[in-house]
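A.B. asks: Sequential numbering of the sequence shown, starting at 15, is according to our numbering. Note that beta-carbon positions come from the ideal geometry of N, C-alpha and C, so glycine has one too. Since the model is a prediction, treat every value here as computed from it, not as a measurement.
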Amino acid sequence: MPNRRFAAGEVVMGRWPGSVLYYEVQITSYNDLTHFYTVQYKDGTELELRESDIRSVSSFKPRKSNSSSSSPSRRSGSRSRSRSPGRSAKGKRRSSSQSRESRDEKKKTIRETNLTLLKLNENNTSRYNGEPDSTERNDTSYKILQKVESELEIGHVLDQYTLHPRRQKKKEEIFLEQRVFETAKTTEKVSTQTKELEFGGRIGAFCMIFFLPATVFYLLLKCKQEDPSVMNFPPLPAFDSLWETRVFGVFLLWFFLQALFSLLPVGKVVEGMPLLNGRRLQYRINGFYAFVLTAAAVGNSLYFEIELHYLYDHFLQFAVSAALFSVLLSIYLCARSLKAPKEELSPGGNSGNFVYDFFIGRELNPRIGNFDLKYFCELRPGLIGWVFINLAMLLAEMKVQDRNEPSLSMILVNSFQLLYVVDALWNEEAILTTMDITHDGFGFMLAFGDLVWIPFVYSLQAFYLVNHPSEISWPIASAIIILNIFGYYIFRGANSQKNAFRRNPNNPKLAHLKSIPTAAGKSLLVTGWWGLVRHPNYLGDIIMALAWSLPCGFNHILPYFYMIYFTCLLIHREARDEHQCKKKYGLAWERYCQRVPYRIFPYIY
């Protein structure tokens, strides 16, 4: 095992990736496994460097003069100058103002270059205040541009910290332009390999593949028990009772019907976020139209007396069918990702470990022609299915409990969750900037989550009320309605404010908001909803989840599983966002945290 040459906290000179330039950095940590040093630049940028790219400060000695007389190699490398006395004399008469104009021209060249660079490397995995944001400039390319421009301002630093002097001084623009592209290319190659693993790494991903389906089936079995207490473990059903070919056929019919609706030439076509190769994929925004068509089809089925009670009677079998389909889909996605180009792999699911990548997903945007599999599964089969599962449970409640009308609790649950789904479909375009689309690959985690977890776990309150009636009075119902409206108000207000600021930070309607600029070329809101807590949209989500559970009463904790799970999930996401934002924004994020100390819950957390 090689010995460490540099200690944590030591100030050294680190080579900027893809260039021959060295900058003063501080060692923050050392990885004994990969033998990489983590260093921090003065602007807060953190990178991992090999030991060969790090030198001691004492090894850099500034040159005494930059004149041609002190550098014979430069004279021999600039033959055109030595044969042109006129040009030499003209160079001596150049004024300081002309030099400034030359530097301005160089910076203009670099800025023009940066426009192309942003198209090649725009990062789509961050939003304002820790949320994925599609319109912000790539922080790496921005910092590269900052360093290049600073070098133009103090040109002698280039010669002072360059190991290989440039020989063609009159082509500085070409040299710098090429170096920016080489650095971006190097950064792009490095970014395709996943280094930080989530969910407990490889072992955690392996366990989650089995834990998630087991949790779904446990919850569904508990809801059918007369006593769904935690300590009353449900009996395991017979294996042959879990499968019915007809049920699987109905699920396939639902899936491909939604796929057909998504391909209809209705709704506008928008471009997604720029990929690493500069491409922008196109998406048709017609989720709300698909919902309306589905509602018409279901209404027509009810008119012809096709009972949705069948869904309640075979609910567990439908869950098994959806789980099997999600596994088959995940295997297909994993197999096709082996042939996908490196630039089409997700930054979070390309670790090199088969199990982890199968769980997270290797390919970022798997498509069959123009049909985007991940985008389709995010909103269509599971989310729309959630609404109609709730409707089936409402009708089942009336039949099982011999009611002429549904209970007030069931009406509240159906109404609250219908509002949530319609809001998501109406604002469908906003999903293109989320981490699920821009960062996470499409693997078992999203496939199972979209097709099984959302429709069968999110509808847990309605399924619970079928066999466990909960009668509430109108005053209590009014209080729950006010609570849900309050949560939705925070949720929608925070997201709308963020989206408006993302599209146009100079919007006159946002002139009253204050923000903190960052080295990444964007700003962090410190007033408004985002000045209350760092993730106000998460706060609204949790309040709404509580309102969905309260109509079920307090006899058992089972209806509150969704709220508990969702709170834990959002806290996990918040912790992940905190880590990424701190690493990305450096000192600016620390200043932001000082201004906004609470993460999700004001004065609590």
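1) What are the start and end residues of the beta strand (DSSP E) that includes Glu62?
2) Determine the closest residue to Ile425 out of Ala559, Cys566, Val466 and Ser344, with distance taken between C-alpha atoms.
3) Whose C-alpha, out of Phe458, Glu392, Asp371 and Asp327, is nearest the C-alpha of Leu211?
4) Nearest by alpha-carbon distance to Ala333: which of Glu24, Phe265, Ala561 and Phe402 is it?
5) From Gln511 to Trp543, what distance separates their C-alpha atoms?
6) Tell me whether Leu2 sits in a helix, a strand or coil according to DSSP, three-state version.
7) Entirely within the region 494-577 and at least 4 residues each: give me those alpha helix (DSSP H) ranges in chain order.
8) Please report the residue range of the alpha helix (DSSP H) in which Ile486 lies.
9) Give me the DSSP bridge partner(s) of Leu359.
10) Using the DSSP secondary-structure output, state which residues sit across from Gly396 in a beta bridge.
11) Going by C-alpha to C-alpha distance, which of Leu539, Val547, Thr581 and His570 sits closest to Ile557?
12) Which word fits Ile614, buried or exposed, when buried means at least 16 other C-beta atoms lie within 10 angstroms of its C-beta?
13) Quick check on DSSP: helix, strand or coil for Ile614?
14) So does the region 267-287 actually touch the region 388-403, counting three or more Cβ pairs closer than 8 Å?
15) Does the beta-carbon of Arg298 have 16 or more other beta-carbons within 10 angstroms, so that it is buried, or is it exposed?
16) If contact is defined by three or more beta carbon pairs under 8 Å, each pair taking one atom from either stretch, is the region 52-64 in contact with the region 22-41?
17) List the endpoints of the continuous alpha helix (DSSP H) containing Arg29.
18) Using DSSP bridges, identify the partner residues of Lys388.
19) Report all residues from its chain with a CB closer than 6 Å to the CB of Ser73; omit the five preceding and five following residues, and keep chain order.
20) What's the gap between the Cα of Ala304 and the Cα of Pro279?
21) Beta carbon of Ala602, beta carbon of Leu546: below 9 Å?
22) Using a Cβ-Cβ cutoff of less than 8 Å, which residues in the same chain neighbour Met412 once the five nearest sequence positions on both sides are dropped?
23) Would Val540 and Lys523 be called neighbours here (beta carbons separated by less than 9 Å)?
24) Determine the closest residue to Ser492 out of Leu422, Gly457 and Met459, with distance taken between C-alpha atoms.
25) Kindly list the residues whose CB is nearer than 8 Å to the CB of Leu295, restricted to its own chain and excluding five residues on each side of it in sequence; keep chain order.
26) DSSP three-state call for Ile223: helix, strand or coil?
27) Tyr619 lies in the beta strand (DSSP E); which residues open and close that run?
28) When you compare each of His586, Ala444, Pro573 and His453 to Arg516 by their alpha carbons, which one comes out closest?
29) Thinking C-beta only, is Leu474 closer than 9 Å to Leu572?
30) In three-state terms, what does DSSP make of Arg298?
31) Closer than 7 Å by C-beta to Lys238: which residues in its own chain qualify, once you throw out the five before and the five after it? Chain order, please.
32) Output needed for Phe318: all residues of its chain with C-beta closer than 6 Å, excluding positions within five of it in sequence on either side, in chain order.
33) What residue from Val306, Gln415 and Gln331 has the CA that sits closest to Glu485's CA?
34) Please name the residue or residues paired with Phe270 in a DSSP beta bridge.
35) Distance cutoff 9 Å, beta carbons only. Does His549 sit that close to anything in chain B?
C.D. replies: Considering the structure as presented:
1) Glu60 to Arg64
2) Closest option to Ile425, Cα to Cα, is Cys566.
3) Of the listed residues, the one whose Cα sits closest to Leu211 is Asp371.
4) Phe265
5) 8 Å
6) Nothing can be reported for residue 2, as the shown portion of the chain is limited to 15 through 619.
7) 543-546 and 550-563
8) For Ile486, there is no enclosing alpha helix (DSSP H), as DSSP marks it with neither H nor E.
9) Glu377
10) DSSP lists no partner for Gly396.
11) Thr581
12) Classification for Ile614: buried.
13) coil
14) yes
15) Arg298 comes out buried.
16) yes
17) Looking at the DSSP string, Arg29 is not in any alpha helix (DSSP H); the run it does join, the beta strand (DSSP E), is Val25 to Arg29.
18) Under DSSP, no beta-bridge partner is assigned to Lys388.
19) none
20) 11 Å
21) no
22) Asn418, Glu419 and Pro420
23) no
24) By alpha-carbon distance to Ser492, the top candidate from Leu422, Gly457 and Met459 is Leu422.
25) Glu285, Gly286, Leu289, Asn379, Arg381 and Asp386
26) Helix.
27) Element bounds for Tyr619: n/a, residue is neither H nor E.
28) Ala444
29) yes
30) strand
31) Asn481
32) none
33) Residue Gln415 is the option with its Cα nearest to Glu485.
34) Answer by DSSP bridge pairing: none, since Phe270 is not bridged.
35) Although the question refers to chain B, the structure presented lacks it and comprises just one protein chain.
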